[in-house]
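Read the structure below first, then the notes.
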Amino acid sequence: MRLVEVEDYREMSRLAADMVEREVICRENTVLGLATGSSPLGIYRCLAEDFQKGRISFRGVKGFNLDEYVGLERGDEQSFYAYLKKNLVDPTDFCETNLHVLDGMAENLVEACEKYEKELALAGGIDLQLLGIGGDGHIGFNEPCGYFPRVAHETRLDEKTVQDNARFFVSAEAVPKSAVTMGIGTIMRARKILLVVSGASKAGILCRAVTGRVEPCVPASILQFHMDCTVIGDREAMMELRGKGVKIENAEKI
Ligand code: GLP
51 MRLVEVEDYR EMSRLAADMV EREVICRENT VLGLATGSSP LGIYRCLAED FQKGRISFRG
111 VKGFNLDEYV GLERGDEQSF YAYLKKNLVD PTDFCETNLH VLDGMAENLV EACEKYEKEL
171 ALAGGIDLQL LGIGGDGHIG FNEPCGYFPR VAHETRLDEK TVQDNARFFV SAEAVPKSAV
231 TMGIGTIMRA RKILLVVSGA SKAGILCRAV TGRVEPCVPA SILQFHMDCT VIGDREAMME
291 LRGKGVKIEN AEKI
């Protein structure tokens, strides 16, 4: 696991976008795992700007979304599908038919998750998986529990996750109570993982995930076992890790 400290959110987004673009440029038909939420939003903004400047093209690139709420139509502006359409598909030449999304509206969610895993396998697996981290250490919507889920599945959302995500809805009551998500195994099968973390509110959980025991009550701790995982954090997010005896690189080195 590589830990890279940057000054702020803007620099985190720029450095992460550079990593995404390197992956897209250096490979044919790159397969990206796409996170949503506040942490990766700056990355998508950088990718859209670079596309507008003619620096990058997403033709042939496939995307698999990390998670989706159950019960939200794709057109609902709070759906993660809508987020990815607004922030990646619409402002670039990323082809919407190359965006594979967990179907939170499926009658049979088990079958929908199985179909998603099959599509991912057909695409050859994920080359680079973008991640954020939830306040309780969740990745995707893999909530703290007694095991690491192996494949895409439906999950109930913890109250803390509902409250944390309520900022995007008219009220906490409007937040769906369950979701479909890549499993921990799905995420860990990605060839590369890039976790972006910003702000003092994530410093504690990031430090626990990186330096604590690997256990399913802190889902993100599993990333310690990944062969090629990079964490880019701003100064505030990295503040508890500093002084823990872990190697932290600065941005110039990557
Ligand atoms: C949500 C999403 C995760 C995301 C996390 C952190 O629950 N399901 O994919 O990483 O919360 O979001 P943010 O980056 O907005 O703090």
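Residue 137 in the numbering used here sits at position 87 of the sequence shown; the count goes up by one each step and never skips. Heads up, the beta-carbon is just placed ideally off N, CA and C, and yes, glycines get one too.
LEU273 has its Cβ no nearer than 7 Å to any heavy atom of the ligand GLP. For ILE272, there is no enclosing alpha helix (DSSP H), as DSSP marks it with neither H nor E. Around the Cβ of ILE75, a 10 Å sphere holds fewer than 16 other Cβ atoms; the residue is exposed. Annotation for LEU170: no beta strand (DSSP E) segment contains it, though the alpha helix (DSSP H) segment containing it runs 159-172.
Counting of Cβ neighbours within 10 angstroms places LYS168 among the exposed residues, the total staying below 16. In this structure, the ligand GLP has no non-hydrogen atom nearer than 7 Å to the beta-carbon of ALA162. At least one heavy atom of the ligand GLP is found less than 7 Å from the C-beta of ILE183.
When rounded, the separation of the alpha-carbon atoms in ILE106 and GLU71 is 7 Å.
At least one heavy atom of the ligand GLP sits closer than 7 Å to the Cβ of LEU116. An exposed status is given to THR147, since fewer than 16 other beta-carbon atoms sit within 10 Å of its beta-carbon. Listed as beta-bridge partners of ASP284 by DSSP are VAL56.
Within the DSSP bridge table, the entry for ALA216 names no partner. Put simply, the backbone Cα of GLU61 is about 11 Å away from that of ASP68. ALA222 counts as exposed, since fewer than 16 other beta carbons sit within 10 angstroms of its beta carbon.
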